[in-house]
Each structure stands twice: as structure tokens, then as C-alpha cells.
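Participant: These protein sequence lines are chains A and B, in that order. Numbered per UniProt numbering, the first sequence spans residues 1 to 196. Numbered per UniProt numbering, the second sequence spans residues 1 to 196. Just so you know, even glycine gets a beta-carbon here, dropped at the ideal spot from N, CA and C. Input: one structure, supplied below.
Number of protein chains: 2
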Amino acid sequence: MDSFADRTKRRLRDELLDAAYDAIVAGGYDGLRMNDVARRTGVSRQTVYNEFGDKWGVLQAVVVRETERFLLDVNAALAEQSDPIDGLRVAVERALTLAGDNPLVKAALSQPGSDQASQLLTTRGQQVLEVSHQRLDAHVREHWPEIPPEDATSCVDVALRVVLSHIVTPGPPPAAVAAQLARVLTPFLSSYRRQV
Amino acid sequence: MDSFADRTKRRLRDELLDAAYDAIVAGGYDGLRMNDVARRTGVSRQTVYNEFGDKWGVLQAVVVRETERFLLDVNAALAEQSDPIDGLRVAVERALTLAGDNPLVKAALSQPGSDQASQLLTTRGQQVLEVSHQRLDAHVREHWPEIPPEDATSCVDVALRVVLSHIVTPGPPPAAVAAQLARVLTPFLSSYRRQV
DNA sequence: ATCATCTGTCCGGCCTCTTGACATTTGAGG
DNA sequence: CCTCAAATGTCAAGAGGCCGGACAGATGAT
Chain A
1 MDSFADRTKR RLRDELLDAA YDAIVAGGYD GLRMNDVARR TGVSRQTVYN EFGDKWGVLQ
61 AVVVRETERF LLDVNAALAE QSDPIDGLRV AVERALTLAG DNPLVKAALS QPGSDQASQL
121 LTTRGQQVLE VSHQRLDAHV REHWPEIPPE DATSCVDVAL RVVLSHIVTP GPPPAAVAAQ
181 LARVLTPFLS SYRRQV
Chain B
1 MDSFADRTKR RLRDELLDAA YDAIVAGGYD GLRMNDVARR TGVSRQTVYN EFGDKWGVLQ
61 AVVVRETERF LLDVNAALAE QSDPIDGLRV AVERALTLAG DNPLVKAALS QPGSDQASQL
121 LTTRGQQVLE VSHQRLDAHV REHWPEIPPE DATSCVDVAL RVVLSHIVTP GPPPAAVAAQ
181 LARVLTPFLS SYRRQV
């Protein structure tokens, strides 16, 4: 069920992703060399292809893992609030702040030779959206079961897309964006408020 | 040189030894089951045989690893003293104290069904002696180069055997044994003292 | 135009782990 | 004393994954 081989497999994947992450942060997507990833992990180049298919697969896997870690942090911020509106505001602010400091986001958006990488947040952003949506949705349903699933999903979707847009195209500071979004969505969520 | 496969191999060995260690501490040598070690590590029974040869090999490997860890601690105590006699006393006391608290030593000496295990400290103790001697000798030569190698070796050998004897057959408390040994060997080492 | 570098693919060989079977030993219980 | 169950130790066949080398194609620099 959880054999040594399974754990080894996961570890291999994880170490490969570590190496790839470092390479991308250092030199953007174009600076990512399959051979470097392999050598730095102490494995053959072929093994990297076996694991991820191609270079694009490596980038996707790095981004998915990073997204999941990112969401853990955002969900933790969500969990600290009992009122849904407060949660929304805090989570949005946290997400935007985190993104601004995230080395991988910086590399994807501002490194020369990362046009392809940035597409994972825009035209090819389904994966990031899906992973994020799934995690946020599950969390919201668990913490605010009184909100109808459909309403929760709608809110998550709206907020998520607005946040992603602000990551790709920064505007006002995080707190301002969070306040704005909270204000706009408050009427929609007013019946579920938990005033302290 | 340090491929992923190498690291995995070391990790496998280490996890097997962890499982074996726990089993021995819990149930003595007789309570050690090859099948349990394998299953607990998530590996087949055959793999355990491939790695250690037989059950006796497992025990030996566990003891060698534990000895090396033990010596790291003792050598750290040695390193804190500038005077060789002080080092001797402090190291002896530390070794006896550590041994008294060590779960594996307890299991080997007092668990029912560990007669064979206890032999690794007595009639079949060459391995433990050699490993310990090697580590201590190297450490002494590095820290007190002014002591002739032959004298250093002799002192290490005498002290080591006395300490091992006191572990197997406890007598006075650690501090008393340490003081006694230091007093006896002081004349032999007097010319190398570094009085503070 | 040429050369070097990188991606992506294929394949044969090798090594390790797995699986199942088997003989042998040992201890407990009828 | 005999039997059964459990554990050790050995063997061989099979599978899976990694390695190493080779190759074609694309790309960019000189």
C-alpha cells in the first residue's frame, strides 16, 4: 500500500521538481535544461523524460506543486476567520501578497525567456484554476456548510479569477483589492454573515 | 558518485535498520522477525536477506550503526577537553552514562531471549571493539598529536576494554569508574598533560 | 554555412526488488 | 513422542525501472 518503492518514486519526483524549480527561478523557462535537472538529481536524462514526458510536462508539474503549496497557505488564512466575508478579504490579501513575493511567479512573469511559462497563468491557465478551485471549494464547504454549494462555487470562481488577474496584471495594493472584492460580494453573501 | 540510486540504497538500509532496532528493543533478539522488518519498511522479505545475508547480519549491522552513533557522542565529550587526562575521565563517564540509558544495550543485556545479542559485547565483541577503537584512535591522534601513536593506541585499548566491561558487568557509578581509570593512567600520560 | 547545443525518441542491457516455492529448524500442544 | 505452526534460509523466474548510447531535428551563434 505504501511500499518503499512508492516512497522512493515520490521522492524522486519531488527532487526532480526541486531541481527544476531552482533552474526556472534562476534562468526562466528557457534556462531550464533537462540535462541539468537530471544531473543535479543524480539521475539520467531519460529518467526525467520517463517521469514528465517532456519539458512542458516538467513546467506543469512544478507549477501544480507550487500551486498546491500556495493554496495551503491561503486556506490557512481562510481558516482563521469565522465570517465568510472576513475570510474572503483576508484570503485575497494573503494570496496577492504571497504571489508578489513568490520566486516562481516572478520568474514566470518577469524573467526574459519565460513567455511560455507565463501562459500557465493566462491562456493555458486551466490547470492552475482547476487545482485552486478544487482546493478552495473543498475548504469553503467544510468551514461554511451553511452556504449552498452553488453559491460557494460561484464566489470562489469570481474571487479566484479576479485574484489571478491581479497577479498577472498588478493594480492597487493587496489590501485595497481585497477590500474592493469584499465590498462587491458582501450583498451576495450577506445572509451567511457571522458577525462577531 | 552520489546518484539518486545510491542515496536510495542507503535510505533503504537505514530504514531496515530502524525497523530492526525497534523490534530488538521491543522484544530482544528472539523477538526480531525478518518478516516484520520487511513489512514495516514496505519491502519483501527477500530484500532483507539480500541486504544483510541473515538474521545475525541484521543484528550486527544494527549494533555497528548504534556503536558509531554512540562514538560520535563520546568523541564530542573528548573534544571539549584540552588535557588528555581530563578527556579520558570525561569520555569514560559519558560512555558509561550513555550506555546505561541506551535502549539497545538494555535490550541486549536484560531482555529475555537476547543471549545471542549480548555476545556482540562479549565473546563476539571484536566488531564493536574495532569500530570503537578506530574512531577513538583517529580522534585522539587528531586532538593530541604530541602523544606517540603507540601510547595513544594502548591507552585507548585499555580504557575501551575497561569501559566495555563495566557496561556488561556494572560496578561503581560512572563518575567513580572514570576517576579510577584516570588515576591509574595519569602516571603513564603525565608528560603529555596540558594543565590549565 | 557551419558548428555546438538542446530537445525528444528508441532500444538493449543491467540491476534490484518481487513472488512463490521449497527444505530445515524450532517450539508448543495433544 | 508426534504433529502442527511458525520462522529461517535458499533458489529461480519474472517484472520494472534506470542507464547509456545513439540518433534525428530544431535552434542559435560565429
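So for A:N35, helix, strand or coil by DSSP?
Facilitator: In the first sequence, residue 35 of chain A corresponds to position 35, counting from 1. DSSP places A:N35 in helix when its eight states are reduced to three.
Participant: Once DSSP output is grouped into helix, strand and coil, what is the label at A:G27?
Facilitator: Position 27 of the first sequence holds residue 27 of chain A. DSSP places A:G27 in helix when its eight states are reduced to three.
Participant: Touch check for the region 43-51 of chain A and the region 86-103 of chain A: three-plus C-beta pairs under 8 Å?
Facilitator: no
Participant: Residue range of the alpha helix (DSSP H) that B:T73 falls in?
Facilitator: Taking the first residue of the second sequence as 1, we reach residue 73 of chain B at position 73. Note that residue 73 of chain B is Asp in the sequence shown here, rather than Thr. It spans 55-79 - the alpha helix (DSSP H) in which B:D73 sits, taken as one unbroken run.
Participant: At the 8 Å Cβ level, is A:V58 part of the contact set with chain B, yes or no?
Facilitator: Position 58 of the first sequence holds residue 58 of chain A. Judged by the 8 Å Cβ criterion, A:V58 is not in contact with chain B.
Participant: By the three-class DSSP mapping on this structure, what secondary structure does A:I85 have?
Facilitator: In the first sequence, the residue the question calls residue 85 of chain A occupies position 85. Here A:I85 sits in helix by DSSP.
Participant: Just to confirm before moving on: does the CB-CB distance between A:G42 and B:S3 stay below 8 Å?
Facilitator: Here residue 42 of chain A is taken as the residue at index 42 of the first sequence, counted from 1. Here residue 3 of chain B is taken as the residue at index 3 of the second sequence, counted from 1. It is a contact, given that the beta carbons lie within the stated cut-off.
Participant: Return the first residue and the last residue of the alpha helix (DSSP H) that A:R141 is part of.
Facilitator: As a position in the first sequence, residue 141 of chain A is number 141, starting the count at 1. Looking at the DSSP string, the run of the alpha helix (DSSP H) that includes A:R141 is 126-143.
Participant: B:V43 versus chain A: which residues are under 9 Å apart at the beta carbon?
Facilitator: By one-based count along the second sequence, residue 43 of chain B stands at place 43. In chain order: S3, F4, A5.
Participant: Show which residues of chain B have a CB atom less than 7 Å away from the CB atom of A:L12.
Facilitator: In the first sequence, residue 12 of chain A corresponds to position 12, counting from 1. Simply F4.
Participant: Can you tell me the Cα-Cα spacing of B:D22 and B:W56, whole angstroms?
Facilitator: In the second sequence, the residue the question calls residue 22 of chain B occupies position 22. In the second sequence, the residue the question calls residue 56 of chain B occupies position 56. C-alpha separation (whole angstroms): 16 Å.
Participant: For B:E15, decide whether its Cβ has a neighbour in chain A, counting only Cβ atoms nearer than 8 Å.
Facilitator: Against the second sequence, residue 15 of chain B aligns to sequence position 15. Cβ-Cβ to chain A under 8 Å: yes for B:E15.
Participant: Kindly indicate if chain A contains any beta-carbon less than 8 Å away from that of B:T8.
Facilitator: For the purposes of this step, residue 8 of chain B is identified with residue 8 of the second sequence, where counting begins at 1. Judged by the 8 Å Cβ criterion, B:T8 is in contact with chain A.
Participant: Could you tell me the alpha carbon to alpha carbon distance between A:P112 and A:G28, rounded to whole angstroms?
Facilitator: Stepping through the first sequence from its first residue, residue 112 of chain A is reached at position 112. Stepping through the first sequence from its first residue, residue 28 of chain A is reached at position 28. A:P112 and A:G28: Cα-Cα distance of roughly 7 Å.
Participant: Closest by CA to residue 262 of chain B, which one among B:V58, B:V64, B:P84?
Facilitator: The shown model of chain B, from 1 to 196, leaves out residue 262 of chain B, and the question about it has no answer.
Participant: Work out the CA separation of B:R69 and residue 201 of chain B for me, nearest whole Å.
Facilitator: With chain B covering only 1 through 196, there is no way to say anything about residue 201 of chain B.
Participant: Note the first and the last residue of the continuous alpha helix (DSSP H) segment covering A:P170.
Facilitator: The sequence position of residue 170 of chain A within the first sequence is 170, counting from 1. Here A:P170 belongs to no alpha helix (DSSP H), and DSSP marks it neither H nor E.
Participant: I think B:H139 touches B:L78, with their Cβ atoms under 8 Å apart; what is that distance to the nearest whole Å?
Facilitator: Residue mapping note: residue 139 of chain B aligns to position 139 of the second sequence, counting from 1. Residue mapping note: residue 78 of chain B aligns to position 78 of the second sequence, counting from 1. Sure, about 6 Å apart at Cβ, within 8 Å.
Participant: Taking Cβ to Cβ, would you say A:A108 is nearer than 8 Å to A:A99?
Facilitator: Translated into the one-based positions of the first sequence, residue 108 of chain A becomes position 108. Translated into the one-based positions of the first sequence, residue 99 of chain A becomes position 99. No.
Participant: Return the Cβ separation of A:L59 and A:V37 in integer angstroms, given the expectation that the two are a contact with Cβ distance under 8 Å.
Facilitator: Translated into positions along the first sequence, residue 59 of chain A becomes position 59. Translated into positions along the first sequence, residue 37 of chain A becomes position 37. Actually they do not touch by this definition, with Cβ atoms about 11 Å apart.
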